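Protein chains: 4
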Amino acid sequence: MRFFSDNAALVHPAIMQAIAEANAVDAAYDEDTLSKLLDAAFGEVFETEVSVIWLPTGTAANSLALTAMCKPHQGIICHREAHIELDEAGAPGFFTGGAKLMLLDGDGAKIAPDSISAHFESIRPDVHQVQPACISITNASEYGLCYSPGEVAEIGELAKTRSLGLHMDGARFANAVASLGCDPADVTWRAGVDALSFGCVKNGGMNAEALVFFDRDLAGDTLYRRKRSGHLQSKGRFLAAQLLAFLKDDLWLKNAAAANEAAAIIANAAEARLLYPVQANEIFLKLSKAEAASLRTAGFDFYDWGEGAARLVTSWHHTPKDVQPLAEALAAL
Amino acid sequence: MRFFSDNAALVHPAIMQAIAEANAVDAAYDEDTLSKLLDAAFGEVFETEVSVIWLPTGTAANSLALTAMCKPHQGIICHREAHIELDEAGAPGFFTGGAKLMLLDGDGAKIAPDSISAHFESIRPDVHQVQPACISITNASEYGLCYSPGEVAEIGELAKTRSLGLHMDGARFANAVASLGCDPADVTWRAGVDALSFGCVKNGGMNAEALVFFDRDLAGDTLYRRKRSGHLQSKGRFLAAQLLAFLKDDLWLKNAAAANEAAAIIANAAEARLLYPVQANEIFLKLSKAEAASLRTAGFDFYDWGEGAARLVTSWHHTPKDVQPLAEALAAL
Amino acid sequence: MRFFSDNAALVHPAIMQAIAEANAVDAAYDEDTLSKLLDAAFGEVFETEVSVIWLPTGTAANSLALTAMCKPHQGIICHREAHIELDEAGAPGFFTGGAKLMLLDGDGAKIAPDSISAHFESIRPDVHQVQPACISITNASEYGLCYSPGEVAEIGELAKTRSLGLHMDGARFANAVASLGCDPADVTWRAGVDALSFGCVKNGGMNAEALVFFDRDLAGDTLYRRKRSGHLQSKGRFLAAQLLAFLKDDLWLKNAAAANEAAAIIANAAEARLLYPVQANEIFLKLSKAEAASLRTAGFDFYDWGEGAARLVTSWHHTPKDVQPLAEALAAL
Amino acid sequence: MRFFSDNAALVHPAIMQAIAEANAVDAAYDEDTLSKLLDAAFGEVFETEVSVIWLPTGTAANSLALTAMCKPHQGIICHREAHIELDEAGAPGFFTGGAKLMLLDGDGAKIAPDSISAHFESIRPDVHQVQPACISITNASEYGLCYSPGEVAEIGELAKTRSLGLHMDGARFANAVASLGCDPADVTWRAGVDALSFGCVKNGGMNAEALVFFDRDLAGDTLYRRKRSGHLQSKGRFLAAQLLAFLKDDLWLKNAAAANEAAAIIANAAEARLLYPVQANEIFLKLSKAEAASLRTAGFDFYDWGEGAARLVTSWHHTPKDVQPLAEALAAL
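Protein chains in written order, with the working numbering: chain E, 1 to 333; chain W, 334 to 666; chain S, 667 to 999; chain Z, 1000 to 1332.
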């Protein structure tokens, strides 16, 4: 049993099916009718008009969202352990033309409004210092914690008072919504989010993510930047097909709920070891070298997380029955 | 019958099959064994050691190749109608950090060695002027003409004398090789090419192109730049699978030969109208507005090419029988 | 006698004096009262409210002006022989983050409205092609020709209809105004110019140029970009002092008039040789190798301009008496 | 008496004189014989062959040095309070094309070898994370502390083992050398420094700094980048003149020694208040609001440094007699 990462998991059959069906027509670019359905499909999920752009990776989605909000000489406020800071090879710097990531601390890779306010105070409003243009938060966070609608709204309010944009990295947005049980709109645009990287690859997709603009004015230039960064695929219908299948019948939420449930089962069995509450599909827990080795010998694979800790990630295809053996093995340690 | 572009065509069944099979394993990044097979597979085709990187688009492949060869303050010599100049939304400027495309004239979108030499002479070797770092040629060219091994070698020689890199945009490389009947090595590294954008999407692929480095030293930084530009897919196995299926049993050459043959049939029927010799799978011909309209009424679709001209592109799935009606309609005009 | 370039000439005594006087106070950045006088001083010259930024070079002024008007994914329309294209080492590409210079032909390095319109028509309004964001013209042009107020206004009108910005490279703006005898406002903002690089170094300054924003909204971000590009000097008072002395008592116009007059004397003596009408302070003329050699032997220095031609530039310190010997030598050839 | 910053101070008379004398010739670019003397003049100071480039600001010098050492996708290790991070408006990001500053803690704005080693360990050597390409240290540091030759050598050794470049921001290098009493070579290239931003403006200059390359291979591309960033002045002789006068008869060291001595007098009078040892010409001390107000009323001007603290900077023109009143006022508080 592999618990390395949800980004490696199998593609969901319904999405494979949609890809196969998209091969029935030969249509590129402006003739691609599937891509034209995205705005409406996502608009329904979010109960508002949106502009949606498919992209092959979350890194591309995050970077293009940030570039739409931040000029090269400005800054992006985010957590010190945000994916855009630690795991994207400097992509935001590349896409924006050198904007600065402004790193904040915060438990569980979440940033608190106080911390943002303090950062504002620390910057002299003169031309010698980079001024922030937007805030980026990750929901669920890099440690699997969720921002509630209220928490996002507090940050949204702060952004608004400074005329900053608000971006949400939602590589695991589905897991967050499934966990929060809220309306997708409540934790995004109604709380002040301007652009959302809506993840699909980690949740059953093959190579399609959605960049959802609630502030639709941001979409225009982004279409040029998508092409300019090599991300406009002629056969984009195969990406649109994935996303449409993902939304259909709430597959995105069902997949996320399954992954979350599997994580909860494991978490319950190892409660005393947890480094963070398990709210989505990631489990960080204390685990000695010997314990890790014994689990691996028993056939469970996962990443170490520094010294004496481990990260396990569940995915859409993990059934309760699948993870039961791991839960038992952990309980037995 | 649609002759708009080969970039819209259906994905070849063998490639669809390979994609389906790649869903049998869950493996990302360094665990992806399919991606690790690429160097060897392409090495066999090119009879030398190569470093190969998959990418979703030709624009990404071209841009990363050029960035590997050209610092931000340098220049890239290419044809005035090169795809990198006219149809990539300024991608080379974005990826390189502002390098200059140096545009040369030349019949049929091919550049001649004389023209390159003359360009060298026109640049003062001082810090006020941008100095070229590489040359980019397209084979087959944007007007469907092929550079022969000898022609490439002449340019390769020029590049060498100035220590410039040589890139080949091979969006339709398969069509060129099928047309030239040459060894792939002869028209690339043996002729001085350092990096090749090896097209698959226009020739039966879904969303995978190969960037082939003959100068393997160029590959190292490119791996970082691929991630940094949002092009590293966690489930890259689905791109590797496409490319491996594409090479298997010479599918790439068979597909190209079919497209070329279809184009030849059309070209033969419209010889007096041809704006360029038809060497690959693109046909540019004189066509009045009325003639174009009558063809469209008869069910043939294609792009106008300025005033009184049209472009038709054939693809891997066009059989001789498929294009016969168009050939007859053209002959009857 | 040296006629290489006005950019090498001595600094005018009044400007040297102003620099010396600026050393009486120790004031940096926001305390620098001289820099604060610039808006008003230039506002008087141009009869309107302007925002003015000092910079050490014309390249910096041009690049920051263009960056204020053009996003990284857009284009700048200019002449094929514009200084920004040929002599700034790719600075616009660097400052803008990779914007494309769109090169037009035109006699005497001037671009005609027809040529701009034709360029508009040549660009498909889709995401595959770079869309222009501004136009840059040089007055006086690289061949010493002036755009009249009417000519600028025609281009300004074109820019307006497409919502493009209009930049004027005025490295020799003083020479143009002195030649045209017009109101500075008529050939700039009243004709649609949004930003002007107002040259001083070629006309008696040491290392200060003025970037004049008629569209004052463009100035805000430029202040950050000036610092970010290393162009904010702590002792900027020494640059402001140069510009204020330059404007005082119309020194800028008097210097330019002197240079123009010297050029006219030379041009009159060599009328049959002129490659372009001499409207400012540059003279381009046919000159055989032997003739050039004989002039050099007689003590006159200048640049060759390709085969069989030469460029001579006069400067503010050339009196009629100074250039008489050259005029006579030319007449005697 | 003003103790705001040494960057505002008057220009030293010998430098004013050199500027005036540089106006005796009209020579630009390659004809400028003064600029050609720089390599030899600095070579003598540093007892080795160097390549030297004048620039108008320290920000430009720092940024071009870093760009020579760091590709766009790489990183620069520096202190969290380094000038390049806090006070240059993101210039390193702009010049390098988006490289990442990697921020370390350390007392007095100095970074310790341990901290660098720990940072190395924290980076996974994979393509998802930015890899460092160079280290930048400031000597004297932003809090006026000096790195000794031995301290620099330890960092130099670390850089070498990882093939990283080592840059020294020497905006106050003269103050450091005057304080350390060492050979300039010992604290730079002999300790592994590849490039030094050699400050002049803060120490009696007008608008010239020197970028000194000990690794002379780094200079070639930098000449293009200087032009490309708008920093190549046609009348560069006025910058070269400043630097030559600065080196002549050790003016740079004498000026620095005077500033350091003035600072020491003030520091001695306020020893109990010092936040950092005073090793160069900056004094950071505890000072209540009321105390600060009383000093200001007495005619002493300076910046607050957060709550309950102040920064005072002495300059080349402060004599012991000049600062005596401040020392007494501080002692009397």
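Glycine is no exception: its CB is placed at the ideal position from the N, C-alpha and C atoms. For clarity, every value in this text was computed on a predicted model and none was experimentally measured.
Helix, strand or coil at residue 148 of chain E [DSSP, three-state]: Here residue 148 of chain E sits in coil by DSSP.
Integer-rounded CB distance, given that residue 394 of chain W should sit under 8 Å from residue 530 of chain W: Indeed they touch by this definition, with Cβ atoms about 4 Å apart.
Nearest neighbour of residue 1332 of chain Z, chosen from Z:1307, Z:1290, Z:1128 and Z:1315 [CA to CA]: Among Z:1307, Z:1290, Z:1128 and Z:1315, the Cα nearest to that of residue 1332 of chain Z is on Z:1290.
Cβ contact check for the stretch 1067–1086 of chain Z and the stretch 1122–1133 of chain Z: 3 or more pairs under 8 Å: Judged by Cβ distances under 8 Å, the stretch 1067–1086 of chain Z makes contact with the stretch 1122–1133 of chain Z, as three or more pairs qualify.
Chain Z contact for residue 406 of chain W (CB, 7 Å cutoff): Yes, contact with chain Z.
Chain W within 7 Å of residue 1227 of chain Z, Cβ atoms only: Yes, residue 1227 of chain Z counts as interfacial toward chain W.
Beta-bridge pairing of residue 970 of chain S - partner residues as DSSP gives them: The partner list for residue 970 of chain S (beta bridge, DSSP) reads S:976.
Among E:288, E:256 and E:51, the one whose alpha carbon lies nearest that of residue 36 of chain E: Closest in C-alpha terms to residue 36 of chain E, from the list E:288, E:256 and E:51, comes E:51.
Extent of the continuous alpha helix (DSSP H) run through residue 1070 of chain Z: Careful: residue 1070 of chain Z lies outside any alpha helix (DSSP H) and carries neither H nor E.
Cβ-based contacts, 7 Å cut-off: residues of the stretch 191–217 of chain E near chain W: Only those residues of the stretch 191–217 of chain E whose C-beta falls short of 7 Å from the nearest C-beta of chain W are listed: 201, 206 and 207.
Any non-hydrogen atom of the ligand MG within 6 Å of residue 515 of chain W CB: By its list of ligands, the structure shown contains no ligand whatsoever, and the ligand MG lies outside what it can speak to.
Whether residue 1066 of chain Z touches residue 1095 of chain Z by CB criterion (7 Å): Result yes, Cβ atoms of residue 1066 of chain Z and residue 1095 of chain Z sit closer than 7 Å.
Own chain, CB closer than 7 Å to residue 1172 of chain Z, minus 5 neighbours either side, in chain order: If we look at residue 1172 of chain Z and ignore the five residues flanking it on each side, its Cβ neighbours are 1138, 1195, 1197 and 1198.
Nearest residue (CA-CA) to residue 107 of chain E, options E:69, E:126 and E:147: The option with the nearest alpha carbon to residue 107 of chain E is E:147.
Minimum Cβ-Cβ distance from residue 1222 of chain Z to chain W less than 7 Å: Contact with chain W is found for residue 1222 of chain Z, since one of that chain's Cβ atoms lies less than 7 Å from the residue's Cβ.
Bridge partner(s) assigned by DSSP for residue 2 of chain E: Residue 2 of chain E pairs with E:301.
Positions along the stretch 638–658 of chain W whose CB lies within less than 8 Å of some CB in chain S: The stretch 638–658 of chain W vs chain S, Cβ under 8 Å: nothing.
CB-CB length for residue 669 of chain S against residue 978 of chain S, believed under 8 Å: Rounded, the Cβ-Cβ distance is 4 Å, consistent with contact.
Assigned exposure category for residue 764 of chain S - 16 Cβ within 10 Å defines buried: Per the 10 Å Cβ criterion, buried.
Proximal residues of chain S, C-beta to C-beta of residue 1280 of chain Z below 8 Å: Those within 8 Å of residue 1280 of chain Z in chain S number zero; the least Cβ separation is about 15 Å.
Chain-ordered chain E contacts of residue 794 of chain S [CB-CB under 7 Å]: Counting only Cβ-Cβ distances below 7 Å, residue 794 of chain S has contacts in chain E at 227, in chain order.
In DSSP terms, what residue 468 of chain W is bridged to: Paired residues: W:410 and W:499.
CB contact check: residue 287 of chain E to chain W, cutoff 7 Å: No, because no Cβ of chain W sits closer than 7 Å to the Cβ of residue 287 of chain E.
Limits of the unbroken alpha helix (DSSP H) element including residue 948 of chain S: Careful: residue 948 of chain S lies outside any alpha helix (DSSP H), inside the beta strand (DSSP E) at 948–952.
Where the beta strand (DSSP E) containing residue 386 of chain W begins and where it ends: 384–388 is the span of the beta strand (DSSP E), which, as asked, contains residue 386 of chain W.
With 16 other Cβ atoms within 10 Å as the buried cut-off, status of residue 377 of chain W: Flag for residue 377 of chain W reads exposed.
Own chain residues within Cβ distance below 7 Å of residue 65 of chain E, not counting five before or after: Shown here for residue 65 of chain E: same chain residues with a beta carbon closer than 7 Å to its own, the five before and five after excluded, namely 167, 195, 197 and 211 in chain order.
Cβ pair residue 1001 of chain S, residue 947 of chain S closer than 7 Å: No answer is possible for residue 1001 of chain S: it lies beyond the span of chain S, which begins at 667 and ends at 999.
Identity of the residue in Z:1053, Z:1016, Z:1007 and Z:1009 nearest residue 1242 of chain Z by Cα: Checking every option, the nearest Cα to that of residue 1242 of chain Z belongs to Z:1053.
Cutoff 7 Å: residue 1164 of chain Z Cβ touching any chain W Cβ: No, no contact with chain W.
Nearest to residue 1326 of chain Z (by Cα), restricted to the options Z:1304, Z:1303, Z:1100 and Z:1268: The option with the nearest alpha carbon to residue 1326 of chain Z is Z:1268.
Opposing strand residues paired with residue 198 of chain E [DSSP bridges]: The partner list for residue 198 of chain E (beta bridge, DSSP) reads E:170 and E:210.
CB-CB length for residue 1133 of chain Z against residue 1163 of chain Z, believed under 8 Å: Contact holds; Cβ gap of about 5 Å.
One or two residues paired with residue 102 of chain E in a DSSP bridge: Paired residues: E:77.
As assigned by DSSP and simplified to three states, the class of residue 999 of chain S: Here residue 999 of chain S sits in coil by DSSP.
Residues, ordered as in the chain, of the stretch 405–424 of chain W that lie near chain E by beta-carbon distance below 8 Å: Taking 8 Å as the Cβ-Cβ cut-off against chain E, the residues of the stretch 405–424 of chain W that qualify are 421, 422, 423 and 424.
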